[in-house]
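What follows is one structure encoded as structure tokens, with my remarks underneath.
The structure is reproduced here in structure tokens:
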């Protein structure tokens with residue numbers, strides 16, 4: 001059973017990477033750019049340092065990433081109204097309009113899948129995903145620290 005779980009995890013990971021790679025190509029974005037936009041959509045405007053923490057990327061890499069997204073008019077740098085020394089990266093929502101429609105068929109399919117499970121089973125799955133994500137972030141940080 002553990003071998004099956006490992007194999008299913010690898011298949012899931014590969015499918016996610018390939019899906020986001022194809023989506024990035026469709027949107028004209030690299031995978032890191034697409035996932036950074038996802039972070040900004042879910043978490044709201046962030047500083048470069050906060051983006052570095054959430055992505056695990058080095059500050060120099062984050063600066064280049066923000067530059068690329070800004071050149072594509074997908075984000076903008078704005079001064080913090082409370083601390084003018086601080087710069088915040090926010091999504092240019094007008095430019096992002098329509099991107100979400102590309103995800104709708106997959107989201108609908110996932111919602112259909114969720115209907116096959118009880119609330120207790122979904123809670124178990126969500127717990128597993130949360131814990132495995134934390135482990136993957138730790139492993140990523142360890143690789144970057146070496």
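Numbering (UniProt numbering), first residue to last: 1 to 146. From the three backbone atoms N, C-alpha and C, an ideal C-beta is built for every residue, glycine too.
Rounded to the nearest whole angstrom, the CA to CA distance from residue 69 to residue 78 is 14 Å.
Note that the C-beta distance between residue 59 and residue 89 is not below 9 Å. For residue 77, the uninterrupted beta strand (DSSP E) run begins and ends at 75 to 79, by DSSP. A contact between stretches requires three or more CB pairs, one per stretch, nearer than 8 Å, and the region 4 to 11 fails this requirement with the region 39 to 58. DSSP, read as helix, strand or coil, puts residue 90 in strand.
Going by beta carbons, residue 62 and residue 55 fall inside the 9 Å limit.
In this structure, DSSP gives residue 118 a state outside helix and strand, which the three-state scheme calls coil. Per DSSP, the continuous alpha helix (DSSP H) segment holding residue 7 begins and ends at 2 to 27.
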